[in-house]
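Participant:
Have a look at this one:
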């Protein structure tokens, strides 16, 4: 994180190009004004080609990407969608907004979905799984895909933090039926707000495309105001301004991931042999994006001490341990739909996940980290180790 560090004249030039060519800020239509400038459409095409996906659809946020993807599945009132207990509230919110029942699994030491608990949570009402590549580390996709295939469940990847990461040489987000991405201001690729969905099959794509645009099928045989439709929908359209910024940012994604991985590797090289510091687990043949580097200390007390000492050196941490309540389902009693799926008492749920998370410290990895800051981080961790 984050792409905003590298915003420069390239993003500005893409925006200027709109205003020099008709100033149309709507993603489609107004052909007589726009001089064939379609930023969102071009962003979708470039993203599709980059990620080797068949179809892509730009939307207003990562949350709306999840909501639109779920709409494709035709979920009914008693249908269940399983996700993981460590994620952002948006993942569960999207399930609730779709009308389905959210269910959360424990996590393992990838800090992502525990495949063993996933199998336990599947019922006759389960229709889909949303796996989250939390903070840039891939989930155990081989195991999760096998389970979903065996149980005939649709698999959606929430790749909000994993844009540019890979699993067995395939981009995260392209291994399930659909993959969703977030481009908010703190993500590796940013459009301020915004998101993307990638699809394997045309039928899913066309249904999502129409639904995100009030049901518009964009029939080329008729003008937009006479457009055909087969269902209602909603408005999750990305604007041309966001598309313009996305085009410039996408060209920088490889550089962003390279810098994040380089800085994380420097830290890991210096702490990997410390006997009481455990590094977050990642399977072989994976490329982590390192939105954040997460370490596990020996106990909760040491984790809190580590965060305090990092803060004293003007080094921030991210989510763990300070903002856990927004990212851990144990604390989401404000979502009765989730509580009803977990004995109506979330505070006593997810014991295994809590034991892992309370030992974690999450360190943001920026593109412009200085060697001085990197070694500050290393020294704090080494000093904590001695206490």
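Residue numbers (our numbering): 1 to 387. We treat Cβ as the ideally placed atom computed from N, Cα and C, and that holds for glycine. Quantities reported herein were computed from a predicted structural model and do not represent experimental measurements.
Considering only DSSP beta bridges, list what residue 237 is partnered with.
Facilitator: Indexing the chain shown from 1 puts residue 237 at position 237. Residue 237 is bridged to 59.
Participant: Comparing alpha-carbon positions, which option in 256, 4, 300 and 155 lies nearest residue 136?
Facilitator: Counted from its first residue, the chain shown places residue 136 at position 136. Measuring from the Cα of residue 136, the nearest candidate turns out to be 256.
Participant: Going by DSSP in three states, residue 134 sits in which element: helix, strand or coil?
Facilitator: For the purposes of this step, residue 134 is taken as the residue at position 134 of the chain shown. DSSP places residue 134 in helix when its eight states are reduced to three.
Participant: Tell me the DSSP secondary structure of residue 362 in three-state form.
Facilitator: Translated into the one-based positions of the chain shown, residue 362 becomes position 362. Three-state result, residue 362: strand.
Participant: To the nearest angstrom, how far is the alpha carbon of residue 371 from that of residue 252?
Facilitator: Along the chain shown, read from residue 1 onward, the residue named residue 371 stands at position 371. Along the chain shown, read from residue 1 onward, the residue named residue 252 stands at position 252. Each residue's Cα considered, the two are about 22 Å apart.
Participant: Whether or not the stretch 341–356 and the stretch 281–289 are in contact is what I'm after, with contact meaning three or more pairs of Cβ atoms, one per stretch, closer than 8 Å; do they touch?
Facilitator: The stretch 281–289 is not in contact with the stretch 341–356.
Participant: Quick check on this structure: which residue in 242, 239 and 290 has the alpha carbon closest to the alpha carbon of residue 262?
Facilitator: Indexing the chain shown from 1 puts residue 262 at position 262. Out of 242, 239 and 290, 290 has the C-alpha closest to the C-alpha of residue 262.
Participant: Mapping the DSSP letters down to three states, classify residue 86 as helix, strand or coil.
Facilitator: Within the chain shown, the letter at position 86 stands for residue 86. Reduced to three states, the DSSP call for residue 86 is strand.
Participant: Out of 339, 384, 105 and 328, which one is the CA nearest neighbour of residue 358?
Facilitator: Along the chain shown, one-based indexing puts residue 358 at 358. Residue 328 is the option with its Cα nearest to residue 358.
Participant: Which ranges does the beta strand (DSSP E) cover as unbroken runs of at least 3 residues, wholly within the stretch 193–253, from first to last along the chain?
Facilitator: Listed in chain order, they are 195–199.
Participant: Restricting to runs no shorter than 3 residues, where is the beta strand (DSSP E) found entirely within the stretch 247–287?
Facilitator: Whole beta strand (DSSP E) segments, 3+ residues: zero.
Participant: State the DSSP-derived secondary structure class of residue 331, mapped to helix, strand or coil.
Facilitator: Position 331 of the chain shown holds residue 331. It is helical.
Participant: DSSP three-state call for residue 406: helix, strand or coil?
Facilitator: The requested residue 406 does not occur in the structure, where the chain is confined to residues 1 to 387.
Participant: Just to confirm my understanding: we take residue 174, look at its own chain, exclude 5 residues before and 5 after, and list those with CB closer than 7 Å. What are they?
Facilitator: For the purposes of this step, residue 174 is taken as the residue at position 174 of the chain shown. Contacts found: 51, 52, 53 and 198.
Participant: So, is residue 391 buried or exposed, given that buried needs 16 or more other C-beta atoms within 10 angstroms?
Facilitator: Here the chain has residues from 1 to 387 only, and residue 391 is not among them.
Participant: Output needed for residue 389: all residues of its chain with C-beta closer than 7 Å, excluding positions within five of it in sequence on either side, in chain order.
Facilitator: Since the displayed the chain opens at 1 and closes at 387, residue 389 lies outside it and no answer follows.
Participant: Checking 8 Å against the spacing of the C-beta atoms, do residue 236 and residue 81 come in under that value?
Facilitator: As a position in the chain shown, residue 236 is number 236, starting the count at 1. As a position in the chain shown, residue 81 is number 81, starting the count at 1. No. Outside cutoff.
Participant: Helix, strand or coil for residue 113? Go by DSSP, reduced to three states.
Facilitator: Locating residue 113 in the chain shown gives position 113, counting from the first residue. If DSSP states are grouped into helix, strand and coil, residue 113 belongs with the strands.
Participant: By alpha-carbon positions, which one of 234, 231 and 2 ends up nearest to residue 403?
Facilitator: Nothing in the structure corresponds to residue 403, since the chain is present only between 1 and 387.
Participant: Among the candidates 68, 113, 121 and 324, whose CA atom is the shortest distance from the CA of residue 233?
Facilitator: Residue 233 sits at position 233 when you count from the first residue of the chain shown. If we check each option's Cα against that of residue 233, 68 comes out closest.
Participant: Among all the DSSP beta bridges, which residues are the ones paired with residue 178?
Facilitator: What you label residue 178 is simply residue 178 of the chain shown in a count that begins at 1. Partner(s): 156 and 199.
Participant: Spell out a yes or no on whether the stretch 240–250 and the stretch 12–29 are touching, meaning 3 or more CB-CB pairs, one atom from each, closer than 8 Å.
Facilitator: Judged by Cβ distances under 8 Å, the stretch 240–250 makes contact with the stretch 12–29, as three or more pairs qualify.
Participant: Starting from residue 104, trace the alpha helix (DSSP H) in both directions and tell me its first and last residue.
Facilitator: Along the chain shown, read from residue 1 onward, the residue named residue 104 stands at position 104. Here residue 104 belongs to no alpha helix (DSSP H); instead the beta strand (DSSP E) covers 101–105.
Participant: So for residue 296, helix, strand or coil by DSSP?
Facilitator: Sequence index remark: in the chain shown, residue 296 carries index 296 (1-based). Reduced to three states, the DSSP call for residue 296 is strand.
Participant: Along the alpha helix (DSSP H) that carries residue 148, what are the first and last residues, could you check?
Facilitator: Start at 1 with the first residue of the chain shown, and residue 148 comes out as number 148. Run containing residue 148: 141–151, per the alpha helix (DSSP H) assignment.
Participant: Does the stretch 24–36 come within contact of the stretch 258–272, defined as at least 3 CB pairs closer than 8 Å?
Facilitator: No contact exists between the stretch 24–36 and the stretch 258–272.
Participant: Would you report the Cα separation of residue 176 and residue 71, rounded to the nearest angstrom?
Facilitator: Within the chain shown, the letter at position 176 stands for residue 176. Within the chain shown, the letter at position 71 stands for residue 71. Each residue's alpha carbon lies about 16 Å from the other.
Participant: From this set, 108, 35 and 171, which residue's C-alpha is nearest residue 389's C-alpha?
Facilitator: In the structure as shown, the chain begins at 1 and stops at 387. Residue 389 is therefore absent and cannot be evaluated.
Participant: Quick one, are the C-beta atoms of residue 408 and residue 196 less than 8 Å apart?
Facilitator: There is simply no residue 408 to check, as the chain begins at 1 and stops at 387 in what is shown.
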